[in-house]
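*Asks:* First the structure, then my questions, so here it is.
Structure, rendered in structure tokens:
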């Protein structure tokens, strides 16, 4: 990992503990990684998604209470200020649904039934346009972090069908995985903006592979991840695009990342095309177990890495405050990193 200063092009090597296995090595999550006290707040309150600007309590028009949800979902509806406490499946035949200012509060450890929200069905093109706006995903049995393994839930959202999903100003905590997705295309993209992923549940002694946002398959495209804060103790990745088939036309911009095993993983086997990773910040408030970036990023094929910075948080594991704000590149110093 190199950090560069924009005017002198001085390469500074970060602390050695940030290096993980060599590129191509198998990634095994550390065993018995435990969740402690709630994670640190963002460097500047309100600059990034946090408790002041995400989740149902911050939804414009929030009346101060939620109504328990009963009944069945219908297409073309907006569900405002509801409380979902038993898990929810969005069937394949439901389209154009918005959840606004609502909460999904679920506790489940059954690996076959552990999502707050399941969307669609495996291997099917389902209904379209499911929106989560100012929504909170949390455990049912605890009201604040930390969360024991038995108190949390597997996924906040488990996307199983080819469904367009938009998530904005939402809050995920107490999870084993914030979002698991399997499909994204130009016609049915996955878009996540202005959303806070934090304080994952205890991993149960390595039972969970803890991720903020996860895709295991690859071959997807047209995903947008913009202005999110993905920051937690965890044993896998904050943003985990882990499929060996690679990804096409993906935009990852203006996010704050810290913690996890590797903080970020972006595809594998040099199969990415038109992946834009710009104007992101890697923070030191939570130390990653292996390092900030899983080895394997490659330029070419339209891939672009620019203006990604290192944020030294006071009183964190990284002590060299002089590196705060410097440009960080995976492959060395880039003379054009900050001006293109």
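In mature numbering (1 follows the signal peptide of the UniProt record, and there is no 0), the protein residues as written are -25 to -1, 1 to 315.
Ideal placement from N, C-alpha and C gives every residue a C-beta, glycine not left out.
Determine the burial state of residue 182: buried for a count of at least 16 other Cβ atoms within 10 Å of its Cβ, exposed for fewer.
*Replies:* Within the chain shown, residue 182 is the residue found at index 207, counting from 1. Exposed, by the Cβ-count rule.
*Asks:* Could you spell out where the beta strand (DSSP E) holding residue 57 opens and where it closes?
*Replies:* Along the chain shown, one-based indexing puts residue 57 at 82. Looking at the DSSP string, the run of the beta strand (DSSP E) that includes residue 57 is 57 to 59.
*Asks:* Is the Cβ of residue 99 closer than 9 Å to any Cβ of chain B?
*Replies:* The chain labelled as chain B is not found in the depicted structure, where only one protein chain is given.
*Asks:* Are the CB atoms of residue 167 and residue 154 nearer to each other than 9 Å?
*Replies:* The residue given as residue 167 occupies position 192 in the chain shown. The residue given as residue 154 occupies position 179 in the chain shown. Yes, Cβ-Cβ distance for residue 167 and residue 154 is below 9 Å.
*Asks:* By DSSP, does residue 231 sit in helix, in strand, or in coil?
*Replies:* Residue mapping note: residue 231 aligns to position 256 of the chain shown, counting from 1. It is a strand residue.
*Asks:* Less than 9 Å between the C-beta atoms of residue 239 and residue 262, yes or no?
*Replies:* On the chain shown, position 264 is the one that residue 239 refers to. On the chain shown, position 287 is the one that residue 262 refers to. Going by C-beta atoms, residue 239 is not nearer than 9 Å to residue 262.
*Asks:* Please work out which residues of its chain come closer than 6 Å, Cβ to Cβ, to residue 297, disregarding the five sequence neighbours upstream and downstream, and give them in chain order.
*Replies:* One-based indexing of the chain shown puts residue 297 at position 322. Once the five neighbours on either side are set aside, residue 297 has no close Cβ partner at all.
*Asks:* Just list the residues that DSSP pairs residue 285 with in beta bridges.
*Replies:* Here residue 285 refers to the residue found at position 310 of the chain shown. Note: residue 285 sits in a beta bridge opposite 257.
*Asks:* Under 8 Å: does the beta carbon of residue 249 sit that close to some heavy atom of the ligand ADP?
*Replies:* The ligand ADP is not among the ligands present in this structure, which contains no ligands whatsoever.
*Asks:* Under a three-way DSSP split, which group does residue 109 fall into?
*Replies:* Counting from 1 along the chain shown, the entry for residue 109 is found at position 134. In the structure shown, residue 109 sits in coil (DSSP, three-state: anything other than H, G, I, E or B).
*Asks:* On the premise that residue 135 lies in contact with residue 60, defined as a C-beta separation below 8 Å, what is that separation, rounded to the nearest angstrom?
*Replies:* Locating residue 60 in the chain shown gives position 85, where the first residue counts as 1. Locating residue 135 in the chain shown gives position 160, where the first residue counts as 1. Actually they do not touch by this definition, with Cβ atoms about 21 Å apart.
*Asks:* Which residues in the same chain have their Cβ closer than 8 Å to the Cβ of residue 131, if we skip the five residues on either side of it in sequence?
*Replies:* As a working note, residue 131 is residue 156 in the chain shown. The residues are 79, 90, 91, 92, 112, 147, 150, 152, 153 and 154.
*Asks:* Output the distance between the C-alpha atoms of residue 222 and residue 193, rounded to the nearest integer angstrom.
*Replies:* The count along the chain shown starts at 1 and reaches residue 222 at position 247. The count along the chain shown starts at 1 and reaches residue 193 at position 218. Using only the alpha carbons, I get a separation of about 6 Å.
*Asks:* Since residue 81 and residue 128 are thought to touch, with beta carbons under 8 Å apart, how far apart are those beta carbons, to the nearest angstrom?
*Replies:* For the purposes of this step, residue 81 is taken as the residue at position 106 of the chain shown. For the purposes of this step, residue 128 is taken as the residue at position 153 of the chain shown. At roughly 5 Å, the Cβ-Cβ gap stays under 8 Å, so residue 81 and residue 128 are in contact.
*Asks:* Kindly list the residues whose CB is nearer than 6 Å to the CB of residue 30, restricted to its own chain and excluding five residues on each side of it in sequence; keep chain order.
*Replies:* The residue labelled residue 30 in the question sits at position 55 within the chain shown. Only 111 and 146 meet the Cβ criterion.
*Asks:* For residue 293 and residue 253, which I take to be in contact (beta-carbon distance under 8 Å), what is that distance rounded to the nearest angstrom?
*Replies:* Within the chain shown, residue 293 is the residue found at index 318, counting from 1. Within the chain shown, residue 253 is the residue found at index 278, counting from 1. In fact, because the Cβ distance is near 23 Å, the residues do not count as touching under 8 Å.
*Asks:* Going by other Cβ atoms of all chains shown within 10 Å of its Cβ, with 16 needed for buried, is residue 97 buried or exposed?
*Replies:* The residue you call residue 97 lines up with position 122 of the chain shown. Its Cβ having fewer than 16 others within 10 Å, residue 97 is exposed.
*Asks:* Using DSSP bridges, identify the partner residues of residue 93.
*Replies:* On the chain shown, residue 93 is found 118 positions in, with the first residue counted as 1. According to DSSP, residue 93 bridges with 64 and 133.
*Asks:* Looking at C-alpha atoms only, which residue of 220, 47 and 209 is the closest neighbour of residue 271?
*Replies:* Looking up residue 271 in the chain shown gives position 296. Measuring from the Cα of residue 271, the nearest candidate turns out to be 220.
*Asks:* When we look at the beta-carbon of residue 195 and count the other beta-carbons within 10 Å, is it buried (16 or more) or exposed?
*Replies:* Within the chain shown, the letter at position 220 stands for residue 195. Buried, by the Cβ-count rule.
*Asks:* Just grab the DSSP bridge partners of residue 120 for me.
*Replies:* Numbered from its first residue, the chain shown carries residue 120 at position 145. For residue 120, which the question treats as bridged, DSSP gives no partner whatsoever.
*Asks:* Report all residues from its chain with a CB closer than 6 Å to the CB of residue 170; omit the five preceding and five following residues, and keep chain order.
*Replies:* Position 195 of the chain shown, counted from the first residue, corresponds to residue 170. So the list reads 24, 142, 145 and 203, once near-sequence residues are dropped.
*Asks:* Hey, could you find the ends of the beta strand (DSSP E) residue 214 is sitting in?
*Replies:* Working through the chain shown from its first residue, we reach residue 214 at position 239. Unbroken beta strand (DSSP E) run through residue 214: 212 to 216.
*Asks:* Select from 178, 226, 179 and 235 the residue whose C-alpha is nearest the C-alpha of residue 205.
*Replies:* Working through the chain shown from its first residue, we reach residue 205 at position 230. Residue 205 has its Cα closest to that of 235, out of 178, 226, 179 and 235.
*Asks:* In the DSSP output, what is residue 248 paired with across the bridge?
*Replies:* For the purposes of this step, residue 248 is taken as residue 273 along the chain shown, with counting starting at 1. For residue 248, which the question treats as bridged, DSSP gives the partners 223.
*Asks:* Going by C-alpha to C-alpha distance, which of 72, 172 and 105 sits closest to residue 316?
*Replies:* A question about residue 316 goes unanswered here, because the residues of the chain that appear run from -25 up to 315.
*Asks:* Taking 6 Å as the limit between beta carbons, can you name the residues of its chain near residue 226, skipping five residues before and five after?
*Replies:* As a working note, residue 226 is residue 251 in the chain shown. These residues qualify, in order along the chain: 199 and 251.
*Asks:* Let me confirm a value: residue 279 is counted as buried when at least 16 other C-beta atoms fall within 10 Å, else exposed. Which label applies?
*Replies:* Along the chain shown, read from residue 1 onward, the residue named residue 279 stands at position 304. Answer is exposed; the Cβ neighbour count stays below 16.
*Asks:* Run the CB neighbour count on residue 55, radius 10 Å, all protein chains shown included, and call it buried at 16 or more, exposed below.
*Replies:* For the purposes of this step, residue 55 is identified with residue 80 of the chain shown, where counting begins at 1. Buried, because 16 or more other Cβ atoms sit within 10 Å of the Cβ of residue 55.
*Asks:* To the nearest angstrom, report how far apart residue 26 and residue 162 are at their CA atoms.
*Replies:* The count along the chain shown starts at 1 and reaches residue 26 at position 51. The count along the chain shown starts at 1 and reaches residue 162 at position 187. Rounded to the nearest angstrom, the two C-alpha atoms are 33 Å apart.
*Asks:* Give me the Cα-Cα distance between residue 197 and residue 51, rounded to the nearest whole angstrom.
*Replies:* The residue labelled residue 197 in the question sits at position 222 within the chain shown. The residue labelled residue 51 in the question sits at position 76 within the chain shown. Taking the straight line joining both Cα atoms gives about 24 Å.
*Asks:* Enumerate in chain order the residues of its own chain whose CB-to-CB distance from residue 267 is below 6 Å, with the five nearest sequence positions on each side excluded.
*Replies:* The count along the chain shown starts at 1 and reaches residue 267 at position 292. Cβ neighbours of residue 267 beyond the five flanking positions: 238 and 257.
*Asks:* Please work out which residues of its chain come closer than 6 Å, Cβ to Cβ, to residue 247, disregarding the five sequence neighbours upstream and downstream, and give them in chain order.
*Replies:* Translated into positions along the chain shown, residue 247 becomes position 272. 221, 222 and 278.
*Asks:* Where residue 318 and residue 179 are concerned, what is the direct C-alpha to C-alpha distance, given to the nearest angstrom?
*Replies:* With the chain represented from -25 up to 315, any question about residue 318 goes unanswered, as that position is not in the structure.
*Asks:* Among 156, 139 and 283, whose alpha-carbon lies nearest the alpha-carbon of residue 73?
*Replies:* Within the chain shown, the letter at position 98 stands for residue 73. The shortest C-alpha separation from residue 73 is found at 139.
*Asks:* Between which two residues does the beta strand (DSSP E) containing residue 204 stretch?
*Replies:* Within the chain shown, numbered from 1, the residue matching residue 204 stands at position 229. Run containing residue 204: 204 to 207, per the beta strand (DSSP E) assignment.
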